[in-house]
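Report on the following structure.
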Amino acid sequence: MAADRDKETSKGFDSEIGHLYGPNPYISLNSTYFRGQRSVYARDTNPTWEYLEAEVGRLEGGRCTVFASGMGAISSIVAAVEGRKTLFLAEDSYNGTRRLAQYLSDIGRLHLNMVTQKQLSSLCFITDASPGDILFYESPSNPHLNLYDIAAISRVCRDHGLMSVVDSTLATPFLQRPLSLGADVVVHSLTKALSGHSDVLGGAVVTKDPELDSLFRLRRSLLGAIPSAWDVYLILRGLKTAELRVDRASKNAYSSLFVFFKYLDPSRIYYPYHPSSPTLELAMRQMTGGGGVVSVVFEDEATAERFLDALRQFHKATSLGGVESLAERRAIHKGEEGTHPGLVRLSFGIEPWDLLEQDLVQALETALRQS
Ligand SMILES: Cc1ncc(COP(=O)(O)O)c(C=O)c1O
């Protein structure tokens, strides 16, 4: 009897458990495990996490560690700098990443070197770097949608002994796979398109390097930045439809360019697949689609606010990658003081295009009529 129970329990530690009972993964709500199992305590591991780690790892082509949020994932990487040397951080990174790095630098925990768009694109940041340093950047960046040549940057980092990290949240693994382009680490906010329903936070770090993978797991366990099994289940549920949603959102976002072109100068519209973008060739080389985020720059704050107030299908809210379309002025956020006050970031959802099109047209007419 006791032996049978042990056998049953051991099934509960199998990340394949979902396949044993049905299409959905098992939600492990255990905080502790019976002695003799391959885990001791749920801050170290959890079968439901393992299922998500297997999925995200397969999509990115590496070993994945999941975290309680994108910032939890980014913290585990930035923490890896502490014993190393300098963190080279792209100036156009997400404001949370910049604020975290600045805070750690201010309290003397790491040496920070901000890298401009020009220094990163031309690879000349490398002249200031030493072996053991870390480069962290986004491609596409949030909210300016700047693109960087991941293969070229990875090559120069490897040649000079730097670890390169790409936050690929805006691209998702369906549109871009940084590890296959040579990056050492890829990071995601799972809060965005991979979960996709604006109902959960999560983060992931993926690497091919087993030593780094162990370090990220250690940091997660010791700092306690762990996701709940229920949250991980929600992310897994969203992940089942992520590829379809990303495809639809990308189509909606791309279609919107041709509406904006009628009202705004093309240089005020940012999107990886923008037909006259100077990085279009790069986008087509390293991404298989442009993604669901478009940023547009209105002349001033007042025009941007009129546009946002006039929108009916788009909710005025932060975040991106959900099934519903969202829009906001980025300059309202802490850490975005340098962003143009008229810049509006739109995150396209999966609504029918004709509804979004009508809404954009009427909001643009309203906003620009009065300017
Ligand atoms: C590019 C990018 N990276 C990381 C994060 C942080 O993710 P989270 O909000 O899940 O902590 C965000 C959040 O907006 C983001 O846009």
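Residue numbers (this note's numbering): 1 to 371.
Cβ coordinates follow ideal geometry from the N, Cα and C atoms, glycine included.
Note that the structure is a prediction, hence the values are computed from the model and not measured.
- In the three-state reduction of the DSSP assignment, residue 86 falls in the strand class, which pools E and B.
- A direct Cα-to-Cα measurement between residue 358 and residue 239 gives close to 30 Å.
- Annotated as proximal: residue 273 and residue 290, with beta-carbon spacing under 7 Å.
- At a Cβ-Cβ threshold of 7 Å, residue 91 and residue 116 count as neighbours.
- In terms of Cα proximity to residue 333, the closest of 347, 318, 258, 326 is 318.
- Secondary structure note for residue 50: it is in no beta strand (DSSP E), and the uninterrupted alpha helix (DSSP H) holding it is 47 to 60.
- Per DSSP, residue 112 is one residue of the beta strand (DSSP E) stretching across 111 to 115.
- Residue range 185 to 189 is occupied by the beta strand (DSSP E) that includes residue 185.
- Contact annotation: residue 229 and residue 29 have beta-carbon atoms nearer than 7 Å.
- Bounds of the alpha helix (DSSP H) holding residue 359 are 353 to 369.
- The three-state reading of DSSP puts residue 345 in strand, counting E and B together.
- Runs of the beta strand (DSSP E) lying entirely within the stretch 105 to 174, each at least 3 residues long, are 111 to 115, 134 to 138, 163 to 167 in chain order.
- Per the coordinates, the alpha-carbon of residue 121 lies some 14 Å from the alpha-carbon of residue 114.
- A residue is called buried once 16 or more other Cβ atoms fall within 10 Å of its Cβ, and residue 258, having fewer, is exposed.
- Taking 6 Å as the cut-off, the C-beta of residue 94 counts as close to a heavy atom of ligand 1.
- Every candidate beta strand (DSSP E) stretch fails here, since none sits fully inside the stretch 206 to 277 while reaching 3 residues.
- Taken atom to atom, the span from the alpha-carbon of residue 144 to that of residue 322 is near 19 Å.
- Residue 326 sits in a strand when the DSSP states are folded into three classes.
- Of 221, 74, 353, the smallest CA-CA separation from residue 202 is found for 74.
- For the 7 Å CB-CB criterion, residue 181 and residue 151 form a contact.
- Contact between residue 175 and residue 287 holds: their C-beta atoms lie close to 5 Å from each other, under 8 Å.
- When DSSP states are grouped into helix, strand and coil, residue 193 belongs to the coil group.
- Distance from the C-beta of residue 287 to the nearest heavy atom of ligand 1 is not below 6 Å.
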